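In the numbering used here, the protein residues as written are 774 to 1161. Structure record follows, encoded as structure tokens.
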């Protein structure tokens, strides 16, 4: 990894969170103009103990927090943002990022299926780069163009936003970012819809020149309950005939009641494999249940059972059924500047199938490493963040 780029990005983060001259003084109300502008950053470091002790120090089938048995800078991010409003209709977002968690954003070359876009290794360091406009139509249509957060998924690539420290296999195998054009419209206080035209499922992939399409519906039948349905449809292979287009659904149900959060998410995707004789249909699906309880003050606990089935090895590269249970304890520490999250986490993962398994032990004489169907991990993390 390019250490110069990594630590340059960290310094950018430090610069962003030391820009305090624009902050209101203690007890001073921010002006309306100030309230549209925000900046922030985060640094996420962790240590994962894998009791299989693989010599390559890698967590198989995972691309965030993939480094085990060694200290890891998983994420450093800094950003500035101007929100849209009826008084100031133009908005902008710009951010930079570095760390282990961005390494898997660049796809591997797979003939007829995947190829990185030009300068992908440089572009992965941008977390946001977009402009937006609030059009005065009805209740206001927000249009965003550029690199923005994915509308798909319950979890973020930035672990501080999530109930647990590590992300699920569902999250790691769905888009964290998207590039293109999005339009978001609040039909009423309880229903919002979104429409998207994007460059593909993986924003750093360029296997064809055709766009992909997405929709989102958010419904709050009452204050504690939110239902979200996200759909994706588009060509993600060299052959762009519609019979080979990918169809993907992401369904989320979240219940929030004071200190308690409960969430259920279900994903299913399918596409015909253009590169194989007979073009067999491939399928993958995932399910996650998340529960979080703010016990008292700075203490919070979370539990997440999950399952991920890659029937044809289309997404993870291996035919496997993965099941995992993650439990997390968090302690929140206010700092002079920002907040620190201290998290301790245990995971049990099990992978079955012809291509399943996790790395174990040393390399053999042939230069390969053994696999085992089970994996226990204990993770310790410190996440510092600032939001203004």
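Don't be surprised by glycine CBs; every beta carbon is placed ideally from N, CA and C. Since the model is a prediction, treat every value here as computed from it, not as a measurement.
DSSP state of residue 873, grouped into three classes? In the chain shown, the residue the question calls residue 873 occupies position 100. Correct three-state label for residue 873: helix.
Indicate the three-state DSSP secondary structure (helix, strand or coil) for residue 886 in the structure shown. Position 113 of the chain shown, counting from 1, holds the residue named residue 886. In this structure, residue 886 counts as coil in the three-state DSSP scheme.
Can you grab the Cα-Cα spacing for the pair residue 994 / residue 1015, in whole Å? Counting from 1 along the chain shown, the entry for residue 994 is found at position 221. Counting from 1 along the chain shown, the entry for residue 1015 is found at position 242. Each residue's alpha carbon lies about 36 angstroms from the other.
Which residues bound the alpha helix (DSSP H) around residue 894? Within the chain shown, the letter at position 121 stands for residue 894. Start and end: 893-896.
Report the rounded CA-to-CA distance for residue 970 versus residue 844, giving the unit in angstroms. For this step, residue 970 is matched to residue 197 along the chain shown. For this step, residue 844 is matched to residue 71 along the chain shown. Distance between the alpha carbons of residue 970 and residue 844: 39 angstroms.
Please work out which residues of its chain come closer than 7 angstroms, Cβ to Cβ, to residue 867, disregarding the five sequence neighbours upstream and downstream, and give them in chain order. As a first step, residue 867 is located in the chain shown; it is residue number 94 there, counting from the start. So the qualifying residues of the chain are 852, 853, 901 and 902.
To which residues of the same chain is residue 800 closer than 6 angstroms at the C-beta, ignoring the five residues directly before and after it? What you label residue 800 is simply residue 27 of the chain shown in a count that begins at 1. Below a pLDDT of 50, predicted positions are generally treated as unreliable, and residue 800, at 33, falls in that range; the measurement from the model is reported next regardless. Excluding sequence neighbours, residue 800 sits near nothing in its chain.
Cutoff 8 angstroms; reference residue 1006; Cβ partners in own chain excluding five residues on either side: Position 233 of the chain shown, counted from the start, is the residue given in the question as residue 1006. Excluding positions up to five away in sequence, the list reads 985, 986, 987, 1018, 1019, 1020 and 1021.
Roughly how many whole angstroms lie between the Cα atoms of residue 907 and residue 928? Position 134 of the chain shown, counting from 1, holds the residue named residue 907. Position 155 of the chain shown, counting from 1, holds the residue named residue 928. Approximately 26 angstroms, taken between the alpha carbons.
From the DSSP output, in three-state form, read off residue 1014 for me. Counting from 1 along the chain shown, the entry for residue 1014 is found at position 241. Coil, per DSSP.
Those runs of the beta strand (DSSP E) which lie wholly inside the stretch 928-1004 and span at least 3 residues: 950-961, 964-971 and 985-995
In angstroms, rounded to a whole number, what distance separates the CA positions of residue 1126 and residue 823? Here residue 1126 corresponds to residue number 353 of the chain shown, with the count starting at 1. Here residue 823 corresponds to residue number 50 of the chain shown, with the count starting at 1. In a straight line, the C-alpha of residue 1126 is about 21 angstroms away from that of residue 823.
Do the stretch 1069-1087 and the stretch 929-939 meet, that is, are 3 or more Cβ pairs less than 8 angstroms apart? yes
For residue 819 and residue 1100, what's the separation of their Cα atoms in angstroms? For the purposes of this step, residue 819 is identified with residue 46 of the chain shown, where counting begins at 1. For the purposes of this step, residue 1100 is identified with residue 327 of the chain shown, where counting begins at 1. Approximately 16 angstroms between the Cα atoms of the pair.
In this structure, does DSSP put residue 1026 in helix, strand or coil? Here residue 1026 refers to the residue found at position 253 of the chain shown. Three-state result, residue 1026: strand.
Counting C-beta neighbours from all protein chains within 10 Å, is the total for residue 885 16 or more, i.e. buried, or is it exposed? For this step, residue 885 is matched to residue 112 along the chain shown. Label assigned to residue 885: exposed.
Got a sec? Which residues, its chain only, sit under 6 angstroms from residue 1048 by beta carbon, not counting five neighbours each side? Residue numbering aside, residue 1048 sits at position 275 when the chain shown is read from its first letter. Excluding sequence neighbours, residue 1048 sits near 885.
Just to confirm the assignment, what range does the beta strand (DSSP E) spanning residue 1107 have? Walking along the chain shown from the start, residue 1107 turns up at place 334. Residues 1093-1107.
Between the stretch 1144-1155 and the stretch 823-839, do three or more beta carbon pairs fall short of 8 angstroms? yes
For residue 802, the three-state DSSP class (helix, strand or coil): Numbered from its first residue, the chain shown carries residue 802 at position 29. Any reading at residue 802 must be qualified, since the residue scores a pLDDT of 36, below 50, and its modelled position is unreliable; the value itself is stated next. Looking at residue 802 - three-state DSSP - the assignment turns out to be coil, as it is neither helix nor strand.
Buried versus exposed call for residue 1131 [16 or more other C-beta atoms within 10 Å across all chains shown]: The residue given as residue 1131 occupies position 358 in the chain shown. Per the 10 Å Cβ criterion, buried.
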